[in-house]
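S.K.: In this note's numbering, the protein residues as written are 10 to 95.
C-beta: ideal position from N, C-alpha, C; glycine also.
Please read these numbers as outputs of a predicted model, since none were measured by experiment.
1. Throw me the rounded Cβ distance for the residue 18 and residue 79 pair, which I believe falls under 8 Å.
2. Grab the span of the beta strand (DSSP E) containing residue 59 for me, first residue to last.
3. Given 8 Å as the limit, is there contact between the stretch 17-35 and the stretch 43-57, that is, 3 or more CB pairs closer than that?
4. Give the straight-line distance between the Cα atoms of residue 62 and residue 90, rounded to the nearest whole angstrom.
5. Considering only the beta carbon of each residue, do residue 50 and residue 82 sit closer than 8 Å?
6. One question on the structure: do residue 35 and residue 46 come within less than 8 Å of each other, judged by their Cβ atoms?
7. Taking residue 30 as the reference, which of 53, 44 and 13 has the closest Cα?
8. Spatial neighbours of residue 77 within its chain, please: C-beta separation below 8 Å, excluding the five flanking residues on both sides.
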């Protein structure tokens, strides 16, 4: 059993929510020579270390933490995934 497991929480604005930071990045890219990128959405990534294995109970706790603190469920969606050690 691993001593700890890394769970990644990716938080992104919901599709219907304007993303001015992503739009500013997308607008700047062509002047830097990146002409094939059509759009950018900016989000957040959280790396959460949990004790032991990624059991369903542990992942549910991370989901609750994401919905309560890491993301604003009114304007953001989130996904969690277990990151495999390399």
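M.R.: Taking the coordinates as given:
1. Taking the first residue of the chain shown as position 1, residue 18 is located at position 9. Taking the first residue of the chain shown as position 1, residue 79 is located at position 70. The pair is a contact, with the Cβ atoms about 6 Å apart (cut-off 8 Å).
2. Start at 1 with the first residue of the chain shown, and residue 59 comes out as number 50. Segment 53-60, the beta strand (DSSP E) holding residue 59.
3. yes
4. Translated into the one-based positions of the chain shown, residue 62 becomes position 53. Translated into the one-based positions of the chain shown, residue 90 becomes position 81. Their backbone Cα atoms lie some 13 Å apart in a straight line.
5. In the chain shown, residue 50 corresponds to position 41, counting from 1. In the chain shown, residue 82 corresponds to position 73, counting from 1. It is not a contact, given that the beta carbons lie outside the stated cut-off.
6. The count along the chain shown starts at 1 and reaches residue 35 at position 26. The count along the chain shown starts at 1 and reaches residue 46 at position 37. For residue 35 and residue 46, yes; Cβs fall inside 8 Å.
7. Here residue 30 is taken as the residue at index 21 of the chain shown, counted from 1. Cα-wise, what sits closest to residue 30 is 53.
8. The sequence position of residue 77 within the chain shown is 68, counting from 1. Closer than 8 Å at Cβ, skipping near neighbours: no residue.
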